[in-house]
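Here is the structure we will look at.
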Amino acid sequence: MTTRVSIQFPEQVSYARPSSASIRDANLYVSGLPKTMTQKELEQLFSQYGRIITSRILVDQVTGVSRGVGFIRFDKRIEAEEAIKGLNGQKPSGATEPITVKFANNPSQKTSQALLSQLYQSPNRRYPGPLHHQAQRFRLDNLLNMAYGVKRFSPITIDGMTSLVGMNIPGHTGTGWCIFVYNLSPDSDESVLWQLFGPFGAVNNVKVIRDFNTNKCKGFGFVTMTNYDEAAMAIASLNGYRLGDRVLQVSFKTNKTHKS
DNA sequence: TCTAATT
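The first sequence: position 69 = 69 (the working numbering), numbered continuously.
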């Protein structure tokens with residue numbers, strides 16, 4: 001005996017607010033915020049320019065500390081425009097660095113763009129080495145990070161063996177020695193940083209900084225190493241290193257801005 | 001080109 005069940009879905013479940021040019025694109029991305037700034041203080045700073053619909057400060061998933069990046073959605077686009085004029089490049093009272101205020105990108109749009117861009121990006125074969133498949137692992141992780149918006153870490157596999165070196169220990173994420181690498185080529189990817197720094201010791205994490213829209217490297221990146229001695233040796237060895245036709249500048253990351 | 005980050 002067979003029972004057939006027919007389920008009907010309503011054609012429309014809910015209706016959004018009528019879209020209007022005046023309330024569209026009123027969302028701002030704010031970076032360079034003092035790590036101590038609270039969401040309330042962020043709203044107070046922006047409230048002089050209009051009615052705030054939502055606000056957010058992004059925090060490190062593990063430590064809970066502010067990443068210095070946030071969002072403000074105004075009621076009206078004109079309010080957001082005025083806030084950019086008034087606050088972009090300005091120092092909030094008590095801050096030592098100016099903040100950047102700009103219109104936010106569309107998150108779903110970014111995710112699909114980045115996924116496509118990475119999927120169709122051919123592997124970097126200019127610097128072949130034993131860590132290549134390790135780099136591939138982390139490229140996959142990068143895809144998953146973007147797809148799910150979550151930081152993931154995996155044990156490092158070298159030549160089929162699982163190494164405990166560099167494996168992330170819960171609670172120790174974010175610790176280590178952050179190294180600034182400057183003068184990378186626009187098509188650099190994470191694999192070059194793994195290959196450059198891996199031989200000097202335990203590398204926790206690498207990141208190539210890319211332009212949000214073009215996905216091209218902006219010329220610099222970061223490497224986090226577990227042990228000070230190994231990080232110092234890597235810096236001493238790689239600072240001034242000629243990579244292709246570029247001379248790398250490698251140092252511990254500082255908090256200085258380019259305006260000094 | 002000299003320190004990112006996009007809910």
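Note that the Cβ used here is the ideal one computed from N, Cα and C, for glycine as well.
In the DSSP output, which residue or residues are listed as bridge partners for N27? R73
Once the 5 residues before and after K216 are set aside, which same chain residues still bring their CB inside 8 Å of it? P186, D187 and R210
request  = Could you spell out the range, first to last residue, of the beta strand (DSSP E) harbouring V203?
outcome  = V203 to R210
Discussion item. On a Cα-Cα basis, can you pick out the residue from G94, N105, L184 and I72 that is closest to R56?
Written reply: It is I72.
Review point. Going straight from the alpha carbon of E82 to that of V247, what length do you get?
Key: 42 Å
Practice prompt. Label D229 either buried or exposed according to how many other C-beta atoms from any shown protein chain fall within 10 Å of its C-beta, with 16 as the threshold for buried.
Written response: The Cβ neighbour count for D229, taken over all protein chains shown within 10 Å, is under 16; the residue is labelled exposed.
| request: For K85, write down the residues that DSSP places opposite it in a beta bridge. | output: DSSP lists no partner for K85.
* Output the distance between the C-alpha atoms of K40 and R24, rounded to the nearest integer angstrom. => 24 Å
Buried/exposed call for Q195, threshold 16 Cβ in 10 Å:
buried
Look at S47 and T100 and say whether their C-beta atoms are less than 8 Å apart.
For S47 and T100, no; Cβs fall outside 8 Å.
Pairwise C-alpha distance: V69 and A202: 29 Å
Buried or exposed: which applies to V150, given that a residue is buried once 16 or more other Cβ atoms fall within 10 Å of its Cβ? Because V150 carries a pLDDT of 31, less than 50, the predicted location of this residue cannot be relied on, and the following value inherits that uncertainty. So V150 ends up on the exposed side.
Notebook entry, point to check: Quick one, are the C-beta atoms of D60 and R67 less than 8 Å apart?
Noted result: yes
With 16 as the cutoff for other CB atoms within 10 Å, does F212 come out buried or exposed? exposed
**Request:** Please look up how many angstroms separate the CB atoms of L42 and L28, rounded, as I've assumed it's under 8 Å.
**Result:** No, L42 and L28 are not in contact; Cβ-Cβ is about 10 Å, not under 8 Å.
Using the rule of at least 16 other Cβ atoms within 10 Å of the residue's Cβ for burial, across every protein chain shown, is F103 buried or exposed? exposed
Review point. What did DSSP end up calling I99 once you bin it into helix, strand or coil?
Key: coil
If distances are taken between C-alpha atoms only, which option among V65, M37, E79 and L58 comes closest to A21?
E79
At which residues does the alpha helix (DSSP H) containing M233 begin and terminate?
Y228 to L238
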